[in-house]
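Read the structure below first, then the notes.
Numbering (the UniProt record's numbering), first residue to last: 1 to 547.
Below you can see the structure in the form of structure tokens.
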């Protein structure tokens with residue numbers, strides 16, 4: 001069974017297209033006794049015929065194998081004696097010899113030329129070529145052996161936009177296999193064309209990080225900056241693979257609207273929603289907002305606190321990116337009329353070196369945002385309101401967060417009772433909003449900070465399963481919560497991934513960074529989960545008595 005790696009776009013084309021591919025392999029067999037001065041060349045011709053009715057991940061191709069014997073000198077009669085008149089089927093360019101002597105040598109040469117051209121085109125471009133002499137083969141009653149080959153649709157380079165018009169020459173591939181890779185780094189056992197590059201399978205030697213450095217150094221010494229190396233896990237068999245592609249095939253993403261212009265527009269709308277969120281009077285009637293714009297100044301304090309937490313989150317990403325040599329795009333702040341903003345979406349421009357660097361980058365933002373938000377939340381519970389009145393709320397609102405509800409019960413004590421109005425410092429709600437925004441971005445799904453943390457900690461296969469589970473749970477929560485509904489829509493259309501491949505994805509991060517990542521995911525979960533216990537112990541006693 002042969003398995004080929006195809007990227008998703010080519011896999012789709014191969015699954016639903018009507019193309020034929022001709023694969024040719026030839027070898028020379030020594031002459032038998034009595035056949036002096038001649039040898040037999042056996043040629044294997046595979047014509048790939050599409051079988052309809054199969055989905056992308058279960059595509060099957062029927063390959064028809066034929067063999068031929070090519071005499072040298074005057075060996076026609078000996079061939080008939082040795083192989084018989086009903087020998088195995090001739091190749092596409094030896095049909096004339098199987099049909100009898102009526103076809104001249106020029107016709108035979110023409111068919112050989114056609115086959116040679118087809119073989120060269122296949123080896124150089126990897127594209128399919130038109131099936132030759134199919135009608136002639138069928139009309140002459142050639143017996144064909146059909147083998148079904150499973151074609152894999154997995155891609156070790158998900159989320160990358162590649163230009164496959166550039167190919168690596170065969171001579172370069174030989175140098176890569178014999179001089180760049182080696183016994184001390186990555187022993188190549190097989191190779192396959194992949195997009196514009198080559199995928200090498202083999203045995204990884206030593207520590208992946210050290211092997212990657214050695215291979216990269218040799219690659220630069222031989223070819224400079226012409227090629228890019230990836231050391232990844234093959235999604236088919238979970239084994240290490242090396243992928244080498246020309247750097248010019250890495251196409252940068254482009255947008256119709258300049259990035260800074262779109263980011264500025266989103267930022268202005270986010271400022272408006274942050275102000276609006278902190279003016280309850282306008283929230284009750286959104287249409288009256290434009291008639292009462294002067295009321296937006298009442299939401300300035302809350303917008304500044306929540307905006308400060310979001311800003312510190314983004315600054316954390318920027319500082320970590322500079323330390324790790326990662327280039328970031330302009331952040332897009334996503335507005336939300338429910339909580340003011342959903343935070344920022346920041347695009348990674350270049351290729352991240354390894355999983356530890358990705359973990360540092362992804363964890364830095366939530367770590368900074370959670371730290372500031374938690375400190376402000378504690379101050380809000382401890383400090384009295386600046387105006388002496390504060391904000392009057394129903395304590396049941398604290399049941400919406402396990403973290404906030406637990407802190408409220410711990411710090412406010414018996415004052416916190418369901419059904420009893422409570423005056424609090426509005427800083428509690430402003431800081432809570434900032435914590436919620438950070439927690440939402442820490443959900444381990446898609447290309448969110450949490451999704452990048454999960455990939456860095458557990459690898460691509462496990463993180464993709466966690467991402468699917470998280471999005472599914474968000475979908476269920478969206479049936480009961482409008483914030484969850486808008487967030488799952490945002491993830492599905494803008495942030496569902498996949499995350500672009502890293503240069504070296506095999507080495508695990510250090511345990512200290514894994515601990516930080518796990519703490520961030522847990523903290524975000526505590527912010528989002530509800531507080532299930534009643535604040536008044538007497539209510540719990542009454543419930544037990546009634547039961």
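Backbone N, C-alpha and C fix where the C-beta goes; we use that ideal spot for every residue, glycine too.
So, under 8 Å CB-CB, residue 313 and residue 340 are touching, yes? Tell me the CB distance rounded to an integer number of Å.
Not confirmed; about 13 Å, so no contact.
In the DSSP assignment, the alpha helix (DSSP H) including residue 202 goes from what residue to what residue?
Residue 202 -> not in any alpha helix (DSSP H); beta strand (DSSP E) instead, spanning 197-204.
Just verifying my parser: in three-state terms, what is the DSSP assignment at residue 397?
In the three-state DSSP reduction, residue 397 falls in the helix class (H, G or I).
Sequence-distant residues of its chain with Cβ nearer than 8 Å to residue 452 (five each side left out):
Listed in chain order, the non-local C-beta contacts of residue 452 below 8 Å within the same chain comprise 358, 359, 361, 362, 499, local neighbours out to five positions each way being set aside.
List, from N- to C-terminal side, the alpha helix (DSSP H) runs of 4 residues or more that fit wholly inside the segment 467-538.
Correct list: 482-490, 511-528.
So, at 6 Å on beta carbons, what are the nonlocal neighbours of residue 528 in its own chain, with the 5 sequence-adjacent residues on each side left out?
439.
Quick one: give me the first and last residue of the beta strand (DSSP E) that residue 341 is part of.
Element bounds for residue 341: 340-345.
Please classify residue 421: does DSSP put it in a helix, a strand, or coil?
Reduced to three states, the DSSP call for residue 421 is coil.
Between the segment 421-431 and the segment 292-309, are three or more C-beta pairs nearer than 8 Å?
Cβ pair count under 8 Å is three or more, so yes.
Excluding the five sequence neighbours on either side, which residues of its own chain have a C-beta within less than 8 Å of the C-beta of residue 547, listed in chain order?
Unreliable positioning characterises residue 547 in this predicted model, as indicated by a pLDDT of 46, which lies under 50. The coordinate reading is nonetheless provided below. So no residue of the chain qualifies.
Counted within 10 angstroms of its Cβ, other Cβ atoms place residue 389 as buried (16 or more) or exposed:
Label assigned to residue 389: exposed.
Whole angstroms are fine: how far does the CA of residue 333 sit from the CA of residue 266?
Straight across, the Cα-Cα distance linking residue 266 with residue 333 is about 6 Å.
Among 356, 311, 210, which residue has its Cα nearest to the Cα of residue 325?
Closest by alpha carbon: 356.
What distance in whole Å lies between the Cβ atoms of residue 441 and residue 366, which are believed to be in contact at a cut-off of 8 Å?
Yes, they are in contact, since the Cβ atoms of residue 366 and residue 441 sit about 6 Å apart, within 8 Å.
Using a beta-carbon distance below 8 Å, is residue 438 in contact with chain D?
Given the protein chain composition of this structure (a single chain), no chain D is represented.
Please determine, among 368, 456, 169, 276, the residue with the shortest C-alpha to C-alpha distance to residue 336.
Nearest of 368, 456, 169, 276 to residue 336, Cα basis: 276.
Looking only at its chain, what residues have a beta carbon closer than 8 Å to the beta carbon of residue 381, apart from the 5 residues adjacent to it on each side?
So the qualifying residues of the chain are 407, 408, 411, 412, 424, 425, 428.
Counting Cβ pairs, one atom from each stretch, are 3 or more of them under 8 Å apart for the segment 507-519 and the segment 488-495?
The segment 507-519 is not in contact with the segment 488-495.
Could you tell me which of 282, 301, 299, 300 sits nearest to residue 292, measuring between CA atoms?
It is 282 whose Cα lies nearest to the Cα of residue 292.
Compute the Euclidean distance between the alpha carbons of residue 126 and residue 193, then round it to the nearest angstrom.
A caution first: residue 126 carries a pLDDT of 42, below 50, which makes its placement in the model unreliable, though a value can still be read off. Taken atom to atom, the span from the alpha-carbon of residue 126 to that of residue 193 is near 7 Å.
Cβ contact (3+ pairs, closer than 8 Å) linking the segment 458-474 and the segment 170-181:
Cβ pair count under 8 Å is below three, so no.
Let's see if you can read the secondary structure: which residues bound the alpha helix (DSSP H) around residue 356?
Unbroken alpha helix (DSSP H) run through residue 356: 355-382.
In the DSSP assignment, what residue or residues form a beta bridge with residue 236?
Per DSSP, residue 236 has no beta-bridge partner at all.
Looking only at its own chain, which residues have a Cβ that is under 7 Å from the Cβ of residue 260, when we skip the five neighbours before and after it?
Cβ within range, chain order: 330.
Does DSSP classify residue 229 as helix, strand or coil?
Here residue 229 carries a strand assignment [DSSP, helix/strand/coil].
Where does residue 278 land, buried or exposed, given buried means 16+ other C-beta within 10 angstroms?
Classification of residue 278: buried, given that the 10 Å Cβ count is 16 or more.
Can you tell me whether residue 412 is helix, strand or coil according to DSSP?
Note: residue 412 maps to helix in three-state DSSP.
How close, in whole Å, do the beta carbons of residue 553 and residue 204 come, if the pair is a contact with beta carbons under 8 Å?
Because the chain here runs from 1 to 547, residue 553 falls outside it and cannot be looked at.
Can you have a look at residue 270 and say buried or exposed, based on whether 16 or more other CB atoms are within 10 angstroms of its CB?
Taking all protein chains in view, the Cβ of residue 270 is crowded by 16 or more other Cβ atoms within 10 Å, so the residue is classified as buried.
Thinking just about the alpha-carbon of each residue, which of 298, 236, 520 is nearest to the one in residue 461?
Nearest Cα to residue 461 within the set 298, 236, 520: 236.
Run the CB neighbour count on residue 354, radius 10 Å, all protein chains shown included, and call it buried at 16 or more, exposed below.
Here residue 354 is buried, its C-beta having at least 16 other C-beta atoms within 10 Å.
Helix, strand or coil: which one does DSSP assign to residue 272?
The answer is helix: DSSP assigns residue 272 an H, G or I state.
Run of the alpha helix (DSSP H) containing residue 216, from where it starts to where it stops:
Residue 216 -> alpha helix (DSSP H) spans 208-223.
Is the beta carbon of residue 495 closer than 8 Å to that of residue 436?
No.
In terms of DSSP beta bridges, what is residue 348 paired with?
For residue 348, which the question treats as bridged, DSSP gives the partners 328.
Opposing strand residues paired with residue 261 [DSSP bridges]
Beta-bridge partners of residue 261 (DSSP): none assigned.
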